[in-house]
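Structure record follows, encoded as structure tokens.
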Amino acid sequence: MKLLQSIALALAVSVNVQAQNTTMASYTDASANLTFKLAIPDTTAAPFPLLMSIIAPIGISWAGFATGGCMLRSPLIVAWVNGTGVVVTTRWATQFHPPTPYLNTTIAVLPTSTVNSTHWKADFICSAGCSDWWGGSIDANHNNATYGYAASSRPVSQPANITGPISFHNLVIDHFDMDMAKTKRGKADWDALTKAPGGL
Numbered sequence: 025m026k027l028l029q030s031i032a033l034a035l036a037v038s039v040n041v042q043a044q045n046t047t048m049a050s051y052t053d054a055s056a057n058l059t060f061k062l063a064i065p066d067t068t069a070a071p072f073p074l075l076m077s078i079i080a081p082i083g084i085s086w087a088g089f090a091t092g093g094c095m096l097r098s099p100l101i102v103a104w105v106n107g108t109g110v111v112v113t114t115r116w117a118t119q120f121h122p123p124t125p126y127l128n129t130t131i132a133v134l135p136t137s138t139v140n141s142t143h144w145k146a147d148f149i150c151s152a153g154c155s156d157w158w159g160g161s162i163d164a165n166h167n168n169a170t171y172g173y174a175a176s177s178r179p180v181s182q183p184a185n186i187t188g189p190i191s192f193h194n195l196v197i198d199h200f201d202m203d204m205a206k207t208k209r210g211k212a213d214w215d216a217l218t219k220a221p222g223g224l
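In our numbering, each residue's number is its place in the sequence shown (first place is 1) plus 24.
Written as structure tokens, this is what we have:
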């Protein structure tokens with residue numbers, strides 16, 4: 025049932041995300057040409073869903089987004105190409121070693137995700153487990169929230185395996201700050217953007 029709800033949500037969200045994607049709050053690492061886009065509902069406290077896009081050159085094998093600002097002790101959202109589609113998964117790390125699969129999230133990859141000869145784009149919604157976790161959460165009211173990110177050019181050895189290993193982030197590792205007010209969508213906009221049977 026959880027998988028069916030995720031599929032229904034993904035199909036519903038994809039109807040609107042293509043048109044509104046460009047208006048999401050965004051950050052681009054110019055050196056890697058790597059972009060992260062984020063939207064959340066108009067809320068004051070976690071838990072809440074994250075609607076995201078990760079846009080990367082085809083030379084980036086995987087890209088990751090650290091919800092807690094750094095690699096350690098917060099959900100790490102990782103995306104990569106698998107054939108003509110994309111995979112989005114979450115990991116967890118307690119030390120500076122390859123992170124392990126993190127199973128406490130619900131993520132739906134949207135059909136608006138694309139792969140072509142120059143770039144790939146992962147559109148997805150994390151409806152549970154990405155905004156709050158054991159020991160922390162995203163502050164929806166922060167005007168300078170810090171997020172971490174990383175990327176690698178080394179191939180993902182098992183791209184079809186959502187829990188498969190990822191290689192070292194040899195291209196970039198950094199962080200950026202974002203005003204969470206700019207990520208928020210009013211109730212009408214958010215409902216229109218993410219409406220699905222059973223809601224979020």
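C-beta atoms are modelled at their ideal positions from N, C-alpha and C, and glycine is treated no differently.
query	result
Report yes or no: do the stretch 99-108 and the stretch 179-197 share at least 3 C-beta pairs separated by less than 8 Å?	yes
Is S176 closer than 8 Å to W116 when the C-beta atoms are compared?	no
In chain order, what residues of the same chain lie with their CB nearer than 6 Å to the CB of D147, ignoring the 5 residues before and after it?	V41, S77, L134, T136, S137
Going by beta carbon distance, what residues of the same chain come within less than 7 Å of T68, once the five residues before and after it are set aside?	A164, N165
Locate the beta strand (DSSP E) running through H143, then write down its first and last residues.	143-152
Do C150 and P81 count as a contact pair if the criterion is CB distance below 8 Å?	no
On a Cα-Cα basis, can you pick out the residue from T113, R209, T118, N140 that is closest to A132?	T113
According to DSSP, which residues form a beta bridge with A80?	W144
Tell me G172's beta-bridge partners as DSSP assigns them.	A90, H199
Can you find the residues in the same chain that come closer than 6 Å, C-beta to C-beta, to S191, ignoring five residues on each side of it along the sequence?	S176, R178
What's the C-alpha gap between D66 and P125?	30 Å
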